[in-house]
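**Student:** Supplied in structure tokens, the structure appears directly below.
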Amino acid sequence: MQTPQAAGRPGLVSLVGMVRSGSTYLEGYLADQYGGIAVGELIGVWGAMENSEILCACMNRPLECSFWCEVVGRYEGLLDPDTRRFMQETNRRVMPVRNYRSWLQTLRLPLNKTMQWYCTEVSRLYLAVGAAAESAGSHLVVDSSKHPFFYGLARASGGFEAFEHTPAIRLVRDPRGVLYSLARPKAQVTTQGAVTQMVAHGGIRGIRYWWAMNSAADRVVPIGTPMIRYEDLGSDAVAYLMARWGYREQPAVELTRHQLVANPVRQQGTRTFQLDARWQAAGLPWRTGVATMLRPWMRRYGYLDKPQSELDRP
């Protein structure tokens with residue numbers, strides 16, 4: 001059986017789950033170790049192309065980045081004002097967690113004209129990214145969009161046909177750690193070197209956010225999709241999984257990271273996982289309440305038991 005790295009087309013690994021769960025580290029690690037390209041959150045590329053303050057993780061503007069220039073050459077929708085406006089407006093309307101029930105309903109029923117158009121553009125983006133990665137000699141593309149509804153639409157759009165192998169990883173994290181992280185704003189760096197702050201969330205809003213994203217993610221990924229916990233990213237769970245999929249580690253190469261939707265300095269970060277467990281020492285008064293409200297999901301993900309890898313070993 002041909003391994004993904006021996007195939008002509010690259011593979012695609014989609015990270016699906018909640019934000020602040022280690023996706024920045026994981027996508028960079030996968031790209032660095034397995035001859036891949038980390039493209040960041042493809043769900044946000046239309047907006048990133050319109051924002052003159054966004055930098056690629058390679059520290060170039062998007063249209064000065066060789067990889068994204070290749071993508072744009074194959075998919076002009078990233079430069080078309082009407083397409084960018086439509087995709088951003090649709091994202092703002094349908095992606096918030098208040099639409100949780102409609103996400104699942106939409107994925108079960110025939111799409112209306114608006115969502116058909118949306119899926120057509122998503123498909124064109126993935127086809128262009130796959131072709132650009134193949135042209136660059138990459139064996140792997142890592143998409144950290146995470147949003148379960150976007151993943152479901154992308155998977156149904158036909159865009160995955162550009163890739164040889166299209167598994168997903170369900171990425172989860174203890175909700176108490178996520179809520180602690182959400183309450184602390186993250187910095188972003190602009191093309192001018194200015195630092196802006198990402199919006200912080202907390203309390204009930206953060207709990208609902210965690211529940212909706214994880215509950216929906218469990219429903220949209222294929223049966224048998226492996227789950228990796230944030231707390232296990234420092235173990236050999238990821239390497240074991242990639243080996244099971246037929247990927248072999250390769251020497252790190254330059255310019256493997258081309259994320260557009262985040263802090264480019266942070267995206268270049270270390271290849272050593274640094275567990276953030278500050279929430280455990282914070283003495284937050286709502287920790288017990290969170291564990292009570294989210295008990296079924298915490299038990300499902302192993303957070304009420306002794307920590308262990310979610311991968312079944314032979």
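Numbering (full-length UniProt numbering), first residue to last: 1 to 314. By construction, the Cβ of each residue, glycine as well, lies at the ideal position given by its N, Cα and C atoms.
(1) Considering only the alpha carbon of each residue, which of G8, R9, W279, W297 lies closest to R184?
(2) Flag this pair as yes or no: are the beta carbons of P62 and G36 separated by less than 9 Å?
(3) Short check: CB of S14 to CB of I223, under 9 Å?
(4) Per DSSP, what kind of secondary structure is residue 315 in: helix, strand or coil?
(5) Note down, in chain order, each residue of its chain lying with its Cβ closer than 7 Å to the Cβ of V221, except the 5 sequence neighbours on either side.
(6) State the start and end residues of the unbroken alpha helix (DSSP H) segment that holds R229.
(7) Per DSSP, which one or two residues make a beta bridge with S37?
(8) For the segment 105-131, which segments carrying the alpha helix (DSSP H) assignment without a break, of at least 4 residues, lie completely within its bounds, in sequence order?
(9) Considering just the uninterrupted stretch of the alpha helix (DSSP H) at S215, what are its terminal residues?
(10) If you measure between the beta carbons of A282 and Y180, is that distance less than 9 Å?
(11) Considering just the uninterrupted stretch of the beta strand (DSSP E) at L168, what are its terminal residues?
(12) Do you know offhand how far L104's Cα is from G28's?
(13) Roughly how many whole angstroms lie between the Cα atoms of E231 and Q33?
(14) Could you work out which residue in A243, A212, R176 is closest to G289 when comparing CA atoms only?
(15) Should the segment 142-162 be regarded as contacting the segment 46-63, the criterion being three or more beta carbon pairs within less than 8 Å?
(16) Could you pull out every unbroken alpha helix (DSSP H) segment of at least 4 residues lying fully inside the segment 60-111, listed in chain order?
(17) So, under 8 Å CB-CB, V172 and S21 are touching, yes? Tell me the CB distance rounded to an integer number of Å.
**Tutor:** Judging by the given coordinates:
(1) W279
(2) Their beta carbons are not under 9 Å apart, which means P62 does not touch G36 by this criterion.
(3) no
(4) Residue 315 is absent from the structure shown; the chain starts at 1 and stops at 314.
(5) V16, A168, R170
(6) Segment 227-229 is the beta strand (DSSP E) holding R229; no alpha helix (DSSP H) there.
(7) According to the sequence displayed, residue 37 carries Ile and not Ser. DSSP lists V141 as partners of I37.
(8) none
(9) 203-220
(10) Contact flag set, yes.
(11) Residue 168 is actually Ala in this sequence, not Leu. It spans 168-172 - the beta strand (DSSP E) in which A168 sits, taken as one unbroken run.
(12) 30 Å
(13) Using only the alpha carbons, I get a separation of about 20 Å.
(14) R176
(15) no
(16) The alpha helix (DSSP H) runs lying completely inside the segment 60-111 and spanning 4 residues or more are 66-74, 81-94, 100-108, given in chain order.
(17) Taking C-beta atoms under 8 Å as the contact rule, V172 and S21 qualify, at a distance of about 6 Å.
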